[in-house]
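Here's the structure we're looking at; comments come further down.
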């Protein structure tokens with residue numbers, strides 16, 4: 001099984017919301033937005049899909065290891 005390769009394209013913060021544009025396997029980017037308490041508020045993925053869960057876990061893992069604050 002091929003493990004998807006996600007990349008964070010950009011991160012925007014506005015009024016306590018953090019919007020991540022990510023790309024999976026070089027495809028067009030998708031969007032995941034978190035509030036300041038680490039709740040997912042918006043996503044461009046199909047809601048509750050496996051792909052959405054993978055993307056959210058990827059972002060949380062990267063933030064925990066590389067970006068100082070945890071979402």
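In full-length UniProt numbering, the protein residues as written are 1 to 71. All C-beta atoms, glycine included, are put in the ideal place defined by N, C-alpha and C.
For residue i, the three-state DSSP class (helix, strand or coil)
| i | result |
| --- | --- |
| residue 58 | helix |
| residue 27 | coil |
Under 8 Å between C-beta atoms of residue i and residue j
| i | j | result |
| --- | --- | --- |
| residue 37 | residue 19 | no |
| residue 9 | residue 29 | yes |
| residue 22 | residue 42 | no |
| residue 31 | residue 44 | yes |
Beta strand (DSSP E) segment containing residue i, residue limits
| i | result |
| --- | --- |
| residue 44 | Counting along the chain, residue 44 falls outside any beta strand (DSSP E), and DSSP gives it neither H nor E. |
| residue 13 | 6-14 |
Straight-line gap, residue i to residue j (C-alpha atoms, nearest Å)
| i | j | result |
| --- | --- | --- |
| residue 47 | residue 53 | 9 Å |
| residue 24 | residue 4 | 6 Å |
| residue 71 | residue 27 | Confidence at residue 71 is low in this model, with a pLDDT of 48, below 50, so its placement is unreliable and the value that follows should be read with caution. Rounded to whole angstroms, residue 71 to residue 27 spans 24 Å at the Cα level. |
Distance cut-off 7 Å: residue i Cβ against heavy atoms of the ligand NAD
| i | result |
| --- | --- |
| residue 26 | As far as ligands go, the structure on display features none, and thus does not contain the ligand NAD. |
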